[in-house]
Amino acid sequence: MKSLTIALKDLTRSFRSTFALMFMFGIPLIVTGMFYLMFGNVKSDDSISIAATNVVLVNLDEGAPETGKLGDTIAQSLQNEQLASIMQVSSVDSEAEARQMVNNAEAGVAIIIPADFSQSFIDPQGEVEVGFISDPTLTLGPQIVKSVLHEILDIYSGVKITVAEAIKQNGSMDAQQISGLIQQYMAGMQFESAGQGLVELRSPSSESEENLLQSMVAPIMAGMMIFFAFFTGANTANSILHEDEEGTLQRLFTTPTSQIEILRGKVISVGLTVLVQVVILIIAARLLFGIAWGPLAGLILSIIGLVLTASSFGILACSLLKNTRQSGVIFGGLLTVTGMLGMINIFTGNPQSSPLGIVPLFTPQGWVARALLFNMDGAVIGKILPLFLAMLAISAVFFLLGVWRFQKRFA
Amino acid sequence: MSILILAQKNLTQMFRDRKVFLFLLIMPIAFTLMFGFAFSGSGSASADSRLPVGLVNNDGESMLSSELVQSLDSSTVIRLVSDDEAALQDQLAKKELSAVLVIPAGFGDALESENPQTLTVWADTSLSDGYSAKNEIDVYVSRLNNAAGTAKVLAPQGGTAFNEVLSDALEAWQTPPVSINASTAVASDQVEESENKFNHSSPGMMLQFAVAGLLTCAMVVVTERKTRCLQRLLTTSTNRVQILFGHYLAIFSMLLIQFFILLIFGDLVLKLNYFSQPLATLLITITSALCISALGLLIGVLAKAEEQAISFSLICMFVLSGLGGAWVPLEYTGKTFQTIGHITPIAWAMDGFKNILSRGLGLEAAWLPALALLGYAVLFFALAGWKFKSE
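Chains as they are written, first to last, in the working numbering: chain A, 3 to 413; chain B, 921 to 1311.
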């Protein structure tokens, strides 16, 4: 089995190269680790928390004799300690100053309570708007603050609507009656909100309790593994060209070992190298990041598909090169572009059935990514099998073309 | 003069390589479009861009449930999609829906009593869409509950009177008397308040492909060393500083051309406001190009072979783009990571461009990112110079 000997020799040489080790293991794990840290603000109870939004409050409310300064009550609600993890509230004296702070990114949101807030509140027909100015470069933070403000202001709206309805029913009401009505209304609302809220949130996770962080990081790890497996395949295949340029391949051809056996050994080394890389990455990802790869049968099929497509793609790509100086085209161009296209859904979270969801399928990496992602979502083997067969077909085409070109070259 | 001649030689060499056009133009444009559509939804301006939310209404006959559905239908944030629960859950799992709302049987009647039932919302609130959808549902459910609360106080006996008060209250809640007047802080009239969906992806992809192009930049130096041309050059009267600057000028020129083409594309095709603040845009662009060119030069000087150049370039592309917020806005990460991200020059460049695009700010907001980028440029160039001394 000379071909196996050649394959093992090449495999050993691959793993002696620092560059190769960096490519095969270092970069995928570093990038995934980076995203692991990036989203480390996801708490273990599966709720996400972003950095507290800086809120600048301008309370211009002049108050009313009947109610006092209602603006102060709103300010106190916003500055409640329970909201400290969501927003950090500071106060300034003018709207212009608040706006400037948002412009300078010193605050994410400015809340402006108008001067006539209390006056408008006690006027049965009065309407009042609270100003909300947000930083256009932020999305989630201001949204969260706005929802909190909605909750607070809706209490005031509820009271106004109730009083307006009561006046509509009964004609005029004195202050004492209004006060009693408000108390009754507030008591009713508090009674209902004392227990569970009216909306129960449930997370659409799979059957097993899924850690949110893993569901973010796992696809990224899969994407990085695929991206660099293809690089490994091309890089290992590139060694054929290296040996051709160095003259060692020609010396091998002069030995009793047939050319076919030598090339077979080279091809096997590509597959073995990718296989070792993928297996080690899968285990490392499991140990380091706790990534669950899904059902074993589907995972094995996906791994085989990945190894075959990555190896055959590398063989074909290198067979098209005249010399190693052109390898920049493959690494810098073809692999990077096809790799990024194949992973686009992973980084954008795009549904696979959307128009953009099929873009990755124009690349071999996209097929592998789909199989791995489906398997991580717990798909049955029947869903993985067609993808595996597609990868087999793609690999066969690449392999036959690549080997044919190499044979022609060395004939 | 030697610097200019060397730069010209390098530029000629680079532009002879067809893949340079792929990386310079085609790929950045294609990926800007793809990321922009993917993050913000595709489709024409007339298509409904509201978040799709599945609705399962098991309480179809009650007035309150009907009122809730009607209110949600009029929302500017979500649009309802009706189907059976299994199909909707499947769509939610595939991320074709932002949320699924399930109204249980008897919800309306229970809301009128002292023991209301809960609605169920299935949503991934770690995602912006899921959070927004759930939030919008919360607002309308809360208002429905408030209206019911008003009716319970004013017509505790129930019956027709209750329905009348409820109806009046629901109508009043359509325009709440205490409301929020929301706006974004844009400093320029030329910046629209509604966000352009490419505000993040355009500068993000522009910077990422500038960093990805480091490979081409680095290969100039690596190839020159490999072909012994560099060694021959060192024997001439051209000194090391001139050689370094010659390479640097070529890389900088190439990156600047790339930036300008993408800026013009962004402005004309994607309707971004790059040129609403031309001086600020020019400042950020030039300093970004200076910084990334210096990094490319450093990689070229450090790398001894093509494989190393590829390795270093790819590491820079992934790490700097990821950490710097070129893919995912740093806003979605924690405070610590935002701080770490700003160790990278990409984060500063993103800040500069987003200040211009989203806020319409000018030089006053561009100087700090520009200064940071210039600092990185000086640092990378100094390191390249120091390493090149021993070449």
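In this text, a Cβ means the ideal position worked out from N, Cα and C, and glycines have one as well.
In the three-state scheme derived from DSSP, where H, G and I count as helix and E and B as strand, residue 1206 (chain B) is classed as helix. Interface criterion not met: the Cβ of residue 1148 (chain B) is under 7 Å from no Cβ in chain A. The segment 1137-1154 of chain B makes no contact with the segment 1179-1191 of chain B: fewer than 3 CB pairs, one atom from each, lie closer than 8 Å.
Here the C-alpha atom of residue 1248 (chain B) lies approximately 9 Å from the C-alpha atom of residue 1124 (chain B). Bridge pairing for residue 1101 (chain B): A:133 [DSSP]. When secondary structure is reduced to three states using DSSP, residue 89 (chain A) falls in the strand class. Residue environment analysis places residue 1044 (chain B) among the buried positions, since at least 16 neighbouring C-beta atoms fall within 10 angstroms of its C-beta.
Under DSSP, the beta-bridge partners assigned to residue 1002 (chain B) are B:975. Straight through space, the alpha carbons of residue 952 (chain B) and residue 1121 (chain B) are spaced by roughly 6 Å. Between the alpha carbons of residue 16 (chain A) and residue 274 (chain A) lies a gap of roughly 11 Å. Taking a C-beta cut-off of 7 Å against chain A, the contacting residues of the segment 1236-1255 of chain B are 1238, 1239, 1242, 1243, 1247, 1251, 1252, 1253, 1254, 1255, listed in chain order.
Under the 7 Å criterion on CB atoms, residue 15 (chain A) is classed as non-interfacial with respect to chain B.
By a beta-carbon distance limit of 8 Å, residue 187 (chain A) contacts residue 1069 (chain B). Their separation comes to about 6 Å. Within chain B, the residues placing a beta-carbon under 7 Å from that of residue 105 (chain A) are 1105, 1107, 1279, 1281, ordered along the chain.
Between residue 28 (chain A) and residue 92 (chain A), the alpha-carbon positions lie close to 45 Å from each other.
Around the beta-carbon of residue 921 (chain B), fewer than 16 other beta-carbon atoms lie within 10 Å, marking it exposed. Residue pairing from DSSP places residue 202 (chain A) in a beta bridge opposite B:1040.
Residue 134 (chain A) has a beta carbon lying within less than 7 Å of a beta carbon in chain B.
Under the three-state reduction of DSSP, residue 1133 (chain B) is assigned to coil, being neither helix nor strand.
DSSP places residue 111 (chain A) in the strand class (E or B) of the three-state scheme. For residue 408 (chain A), the closest C-alpha among the options A:292, A:246, A:131, A:61 is that of A:246.
A Cβ-Cβ separation of about 27 Å leaves residue 126 (chain A) out of contact with residue 150 (chain A) under the 8 Å criterion. In terms of Cβ geometry, residue 1040 (chain B) and residue 204 (chain A) form a close pair [threshold 7 Å]. The beta carbon of residue 202 (chain A) sits closer than 7 Å to some beta carbon of chain B.
Residue 148 (chain A) and residue 1264 (chain B) have their C-alpha atoms spaced approximately 31 Å apart. When DSSP reads this structure, residue 1022 (chain B) sits in a beta bridge with B:976, B:1040. Chain B places a beta carbon closer than 7 Å to that of residue 159 (chain A), counting this residue as a contact.
Within the segment 1215-1229 of chain B, the residues whose Cβ lies closer than 9 Å to any Cβ of chain A are, in chain order, 1225, 1226, 1227, 1228, 1229. Taking each of B:1046, B:1086, B:1119, B:1096 in turn and checking the Cα distance to residue 1059 (chain B), the smallest one comes out for B:1096. Residue-level contact by beta carbon holds for residue 1070 (chain B) and chain A, with a gap shorter than 7 Å. With contacts defined as CB atoms closer than 7 Å, residue 1075 (chain B) and residue 1085 (chain B) qualify as a contacting pair.
When secondary structure is reduced to three states using DSSP, residue 322 (chain A) falls in the coil class, being assigned neither helix nor strand. Secondary structure note for residue 59 (chain A): its beta strand (DSSP E) is the uninterrupted segment 55-61. In the DSSP annotation of this structure, the continuous segment of the alpha helix (DSSP H) that includes residue 97 (chain A) starts and ends at 97-105.
By the CB criterion at 7 Å, residue 153 (chain A) and residue 1101 (chain B) fall outside the cutoff.
For the pair residue 338 (chain A) and residue 4 (chain A), the CB atoms are not nearer than the 7 Å cut-off.
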